[in-house]
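A.B. asks:
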Amino acid sequence: MTAKKLFLGVLFLMCQIVLAQQDSIVLKEILISDYQLKHFSDAQSVQKLNDTIIERNQSSLTSLLNYNSVIYFKENGLGMVSSPSFRGTTAQQTAVIWNGININSQLNGQTDFNTITTRDFSEISVKAGGGSIIYGSSAIGGSIHLNNDLSFKKRFENELRLNYGSFSTFGGNYKLAAADAKTSVNLSVSRNSSDNDYEYLNTKNLRNENGQFYNTSVNLAFGYKLNQANVLKLYSQVFESERHFSGTLVSPSRSKYQDLNTRNLLEWTASNQVLVSTAKVAFLSEKYKYFGDFDSDHFETSKAETFIAKYDLNWKITSKINLNGIVDYTKTKGIGSNIGIETRNIGSAVLLFKHQLLHQLEYDFSVRKEITNAYQSPVLFGFGTKFTASNHYNIKLNASRNFRIPTFNDLYWQGAGNPNLKPESSYQGEIGQEITLGNFTISATAYYMKIENLLRWMPSGNIWVPENVGKVNSYGAEGLVNFHKKIGVHLIEVHSTYAYTVSENELLKKQLAYVPYHKFNAALVYSFKKITFNYQYLFNGQVFTLADESDVLKAYQVSNAGIDCNFGSKNTYKIGFQALNIWNENYQSMPQRPLPGRNYMLNLTLKF
Amino acid sequence: MKQIKLFLTVLAGALFFVSCSDDDAEDAARIPLGSYDLGTLVLNEGNFGSGNASVSYISDDFSVNQNDIFSIVNDGAALGDVAQSIGVNNDLAYIIVNNSQKIEVVNRYTFKKVATINNQISNPRYIAFANGKGYVTNWGDPANPNDDYVAIVNLSTQSVTATIPVAEGPEQIVSNNGKLFVSHSGGYNFGNTVSVISNDAVSSTIVVGDVPKELQIVDGNLWVTCKGFPSYAPSGTTNGKFVKINADTNAIAGELKFPNGQAAMNLGNSSISGTNIYYNIGTAVYKCAIDAPVLPTTPAFDAAAQGAASIYGLAVNNGRIYVSDDAGFTVRGKVYVYAAGNAEFAIGVLLNRTTVGVGPSAFYFNN
Chain X
1 MTAKKLFLGV
11 LFLMCQIVLA
21 QQDSIVLKEI
31 LISDYQLKHF
41 SDAQSVQKLN
51 DTIIERNQSS
61 LTSLLNYNSV
71 IYFKENGLGM
81 VSSPSFRGTT
91 AQQTAVIWNG
101 ININSQLNGQ
111 TDFNTITTRD
121 FSEISVKAGG
131 GSIIYGSSAI
141 GGSIHLNNDL
151 SFKKRFENEL
161 RLNYGSFSTF
171 GGNYKLAAAD
181 AKTSVNLSVS
191 RNSSDNDYEY
201 LNTKNLRNEN
211 GQFYNTSVNL
221 AFGYKLNQAN
231 VLKLYSQVFE
241 SERHFSGTLV
251 SPSRSKYQDL
261 NTRNLLEWTA
271 SNQVLVSTAK
281 VAFLSEKYKY
291 FGDFDSDHFE
301 TSKAETFIAK
311 YDLNWKITSK
321 INLNGIVDYT
331 KTKGIGSNIG
341 IETRNIGSAV
351 LLFKHQLLHQ
361 LEYDFSVRKE
371 ITNAYQSPVL
381 FGFGTKFTAS
391 NHYNIKLNAS
401 RNFRIPTFND
411 LYWQGAGNPN
421 LKPESSYQGE
431 IGQEITLGNF
441 TISATAYYMK
451 IENLLRWMPS
461 GNIWVPENVG
471 KVNSYGAEGL
481 VNFHKKIGVH
491 LIEVHSTYAY
501 TVSENELLKK
511 QLAYVPYHKF
521 NAALVYSFKK
531 ITFNYQYLFN
541 GQVFTLADES
551 DVLKAYQVSN
561 AGIDCNFGSK
571 NTYKIGFQAL
581 NIWNENYQSM
591 PQRPLPGRNY
601 MLNLTLKF
Chain U
1001 MKQIKLFLTV
1011 LAGALFFVSC
1021 SDDDAEDAAR
1031 IPLGSYDLGT
1041 LVLNEGNFGS
1051 GNASVSYISD
1061 DFSVNQNDIF
1071 SIVNDGAALG
1081 DVAQSIGVNN
1091 DLAYIIVNNS
1101 QKIEVVNRYT
1111 FKKVATINNQ
1121 ISNPRYIAFA
1131 NGKGYVTNWG
1141 DPANPNDDYV
1151 AIVNLSTQSV
1161 TATIPVAEGP
1171 EQIVSNNGKL
1181 FVSHSGGYNF
1191 GNTVSVISND
1201 AVSSTIVVGD
1211 VPKELQIVDG
1221 NLWVTCKGFP
1231 SYAPSGTTNG
1241 KFVKINADTN
1251 AIAGELKFPN
1261 GQAAMNLGNS
1271 SISGTNIYYN
1281 IGTAVYKCAI
1291 DAPVLPTTPA
1301 FDAAAQGAAS
1311 IYGLAVNNGR
1321 IYVSDDAGFT
1331 VRGKVYVYAA
1341 GNAEFAIGVL
1351 LNRTTVGVGP
1361 SAFYFNN
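Shown next as structure tokens:
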């Protein structure tokens, strides 16, 4: 009821503002929907992966981030369910934000990083640390931002990329970017498939049986300028996939899993020199079907449909002071074999304040409160500051409280769900510094995080039930290095990240299972005229597989190497060849689930 | 290597100790048939999907405690994913590895692998032996209520030769005079029957009580432990009970129930030893004479006192109560051995506590 009132209030406010629109300014050329990522993230580390980096990597979000960010991944075999761990947190403590909207599953609270095709996006950003105030549930370890830029520069560009490689792996992506001064369209269509029947190294002819998969996605971003002050934007995505869940070294599998996700966001921005007013409505749906036997008609299924209405008003009080208010209302309906039919309403209000106190010093305050019938929600708050000593050096401080709300499965799973669960909540702080010297940038961040009311499924009699148990203390450090240098026809680029992570169960005083102390990756790119070589390296430290540190998965090092050549002059006609896992490392990120040995990929990119 | 050496040293010490002991003249007279004789085998389920099922061994004098014995003996081979149960036939132990869709056949005393049965096996649960054959309960696709069966194993070729379709969720299986009894816990649903198999076909069905699981033959009677519906069943929690069936006539000969007037309660694990039935509810362990009119209201002891967070498995053997704590499956589990009550030790006196593998669920005795 309260949420409904809030919502009506917002609508009223929105009309007021639109009516007040008289003066207008020329809108910037490139628009993204995730306004706060650009304007309220100064005091945190944000790593941008642009389209060039996206293009150089394999098409799954797992692969992109595994080789280019500090995030650690567990994969149930290539292309299978993939769970991230950011700063030693769980998969439900990393939020995935699609054009400003949180898309973590309402059913299990996480995003499967093998169900996101990176080529559908123009930019992917990795924001470390707390973000729940702006993005809501799950942004504890950090958040991944999938953005589609809309540019109003006149153009008509087509891009077609095809790749084919070992295990009959196929990837196809077509992109269209077309715009004039009033209209802008970005369209991306992707298809990936693989027999995925790779050999398990060092075994007697064992293969990754029943691992075949395909996925298809269409992603559209459309912008239309009504006039200089008003812009309408529509973002739309459909992702459909079928994966046979592969067996392990010791267990065969006949199961298969189908996903169907749709995401639609309509947004209207009106602005003048002082105010930027954005009204959004979004509709998200997720649905899965799990077949224990791919030959059988018996399956389990659940789906969730989410409607979001959001109003966002940014008020530039002076040239140095920004105040941003956001109210939103989210209604989610979950229906499933195991959860029955449940509806959840959440209303939230957010206030963000940013002040450029001195030329070198800015700070921000933020606060969020949710109102819902489903759980007790804490007040979230944050503080950040950035001191820019010179063009070469800045230092950032940030502290915040964040949370992860119970999922539909946690609350409503028949016979096990617990309606009295509290959200997981964290207090966390970090200090970061950035040094820029010419073509060289290095950033280092140290953090501390305390998470309470951890939600775990624990055995209770013959069933497993979710409970708020345990506390975790995490601390660690992250380093990012980037370097690029052009000398005549030679170009060299180096990108590298390192993470040291301690994530300790407060009761046992032991490192959490599946959190490596060390993770390091590096990419080296060398271009000579139209030929480009690249080399990627990943080191993933040993992880414990049990909470008492009594069992381990050993550390691994994986390298990929590639070469490509552009035969085009005005247009791009690029042919490339990649050798993945070139040193044939026999490794597992989950026990008994070997990942592929050396394999090859041929690719073709046409831009016209 | 070090672990094995240490083990051999300890074992030698243990044998010496055993053979010098006057209290145990019977054991002393018997020559151990392998490294894992004269002790208890603990089956550790392991985490689903992780392939870390294992078997631990605890010697009867508690001097030897070794984990992962299948792997150690068989050149490091993994036992598999989710070990469900073990069935013993003469010198062989049949280890049913549910999610690996197989049965590992080993010598029960040496743990040397003899064979693997994996044809016509689909989500196997338990095995029993009769008429020179093995009988294995299988759920098939757990989501499909109509494809459950009992597989018949040829014990000389160690392979499945035929199947007998049965009702949903066949669980434990026991034999008596060539007849087999199968409890139907119901798999993903809830059952309430015991099937009788004669001449390799279902010959009758006995309605027993909600969610029957353990089956034990005592003096020509079949004792069925009906757990009761759990809280998440459509009807809510119902009382568990023990049902006694005449194994010759298949007629219900009696029931052992909770006293009237208490809130509905499920039964945990149960084990009959001599004329007593031992069972747990939560971490509380109860003892009751099988001819008692009604179940007791107070437990004999509570394993929580020694730190057990749960009781996932329970068995009684040779005057000892073996209890396992799964510890949430996130760490290695523990086994607690208590006295069942004799002249020396009162019931509930802790005799031994050891850390075993992940998810210890059942005990088998080589003595």
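Protein chains in written order, with our numbering: chain X, 1 to 608; chain U, 1001 to 1367. Every residue gets a Cβ at the ideal spot worked out from N, C-alpha and C, and that includes glycine.
1) So what's S1100/U in DSSP terms, helix, strand or just coil?
2) Once DSSP output is grouped into helix, strand and coil, what is the label at V26/X?
3) Quick one, which residues of the segment 1305-1331 of chain U are near chain X if we go by CB-CB under 8 Å, in chain order?
4) On the DSSP bridge list, what partners appear for K310/X?
5) Which residues mark the beginning and the end of the alpha helix (DSSP H) in which T52/X is found?
6) Would you report the Cα separation of F307/X and V350/X, rounded to the nearest angstrom?
7) Compare the beta carbon distance of K154/X and A179/X with 8 Å and say whether it is the shorter of the two.
8) Below 8 Å between beta carbons: does that hold for F539/X and K519/X?
9) Inspect the beta-carbon positions of F1070/U and V1106/U and report whether they are closer than 8 Å.
10) For N99/X versus N147/X, is the C-beta distance shorter than 8 Å?
11) How long is the line joining the alpha carbons of G1282/U and S337/X, rounded to whole angstroms?
12) Report the neighbours of P591/X on chain U: residues whose CB is nearer than 7 Å to its CB, in chain order.
13) In chain X, which residues lie less than 7 Å from Q1262/U when you measure between Cβ atoms?
14) Which two residues bound the contiguous beta strand (DSSP E) that contains F381/X?
15) Nearest-angstrom Cα distance between W1223/U and A513/X?
16) Check whether the segment 311-327 of chain X touches the segment 287-302 of chain X, counting contact only when three or more Cβ pairs, one atom from each stretch, lie closer than 8 Å.
17) Under 8 Å by Cβ, that's how I've got E1045/U and A1078/U pegged, so tell me the actual separation to the nearest angstrom.
18) Do we get a CB-CB distance below 8 Å when we pair G1187/U with the residues of chain X?
19) Can you grab the Cα-Cα spacing for the pair I435/X / F533/X, in whole Å?
20) Name the one or two DSSP bridge partners that S400/X has.
21) Provide the residue span of the beta strand (DSSP E) that contains F1258/U, from first to last.
22) To which residues of the same chain is Y412/X closer than 8 Å at the C-beta, ignoring the five residues directly before and after it?
23) Return the bridge partner residues of T501/X from the DSSP annotation.
24) For A91/X, count neighbouring C-beta atoms within 10 Å of its own C-beta (all shown protein chains included) and say buried if the count is 16 or more, exposed if not.
25) Could you tell me the distance, in whole angstroms, from the CA atom of S366/X to the CA atom of S82/X?
26) Excluding sequence positions up to five away, which residues of its chain have a Cβ less than 7 Å from the Cβ of S69/X?
27) Mind pulling the chain U residues with CB within less than 9 Å of F113/X?
28) If we call anything under 8 Å between Cβ atoms a contact, is G1080/U one with V1097/U?
29) Tell me the residue span of the alpha helix (DSSP H) that contains K38/X.
30) Are the beta-carbon atoms of L595/X and Y573/X separated by less than 8 Å?
31) Which parts of the segment 1288-1357 of chain U are runs of the beta strand (DSSP E), unbroken and 3 residues or longer, counting only runs that do not cross its ends?
32) What residues in the segment 186-210 of chain X bring their beta carbon closer than 9 Å to a beta carbon of chain U?
33) Go through its chain and collect everything with a Cβ distance to Y135/X's Cβ below 7 Å, but skip five positions before and after it.
34) Between S1195/U, D1037/U, I1031/U, N1199/U, which has its C-alpha nearest V1207/U's C-alpha?
35) Could you confirm whether any beta carbon from chain U is found closer than 8 Å to the beta carbon of F73/X?
36) Using only alpha-carbon positions, find the residue among G1319/U, V1331/U, H1184/U, L1314/U that is nearest to G1268/U.
C.D. replies: Looking at the atomic coordinates:
1) helix
2) Residue placement at V26/X is poorly supported in this model, since its pLDDT is 44, which falls under 50; the coordinates are not used for a value here.
3) S1310, Y1312, D1326, G1328, F1329, T1330, V1331
4) K280/X, D328/X
5) 51-56
6) 19 Å
7) yes
8) yes
9) yes
10) yes
11) In this structure, the alpha-carbon of G1282/U lies about 29 Å from that of S337/X.
12) S1050, G1051, N1052
13) Those do not exist, as Q1262/U stays about 17 Å from chain X at its closest Cβ, beyond 7 Å.
14) 380-390
15) 42 Å
16) no
17) Going by Cβ atoms, the distance from E1045/U to A1078/U rounds to 14 Å, so no, they are not a contact pair.
18) no
19) 27 Å
20) G382/X, Q428/X
21) It is not in any beta strand (DSSP E) - F1258/U carries neither H nor E in the DSSP assignment.
22) Sequence-distant partners of Y412/X (beyond 5 residues in either direction) whose C-beta falls short of 8 Å from its own C-beta, in its chain, are G334, I339, G340, E342, P419.
23) G476/X
24) Around the beta carbon of A91/X, 16 or more other beta carbons sit within 10 angstroms, so the residue counts as buried.
25) 32 Å
26) Q47, V126, T497
27) Residues of chain U passing the Cβ test: none, with the nearest at roughly 18 Å.
28) yes
29) Boundaries of the alpha helix (DSSP H) around K38/X: 35-39.
30) No, the Cβ-Cβ distance between L595/X and Y573/X is not below 8 Å.
31) 1313-1317, 1320-1325, 1334-1339, 1350-1355
32) none
33) A95, I97, N102, S143
34) S1195/U
35) For F73/X, the nearest beta carbon of chain U is not closer than 8 Å to its own beta carbon.
36) Ranked by Cα distance from G1268/U, the options G1319/U, V1331/U, H1184/U, L1314/U are led by L1314/U.
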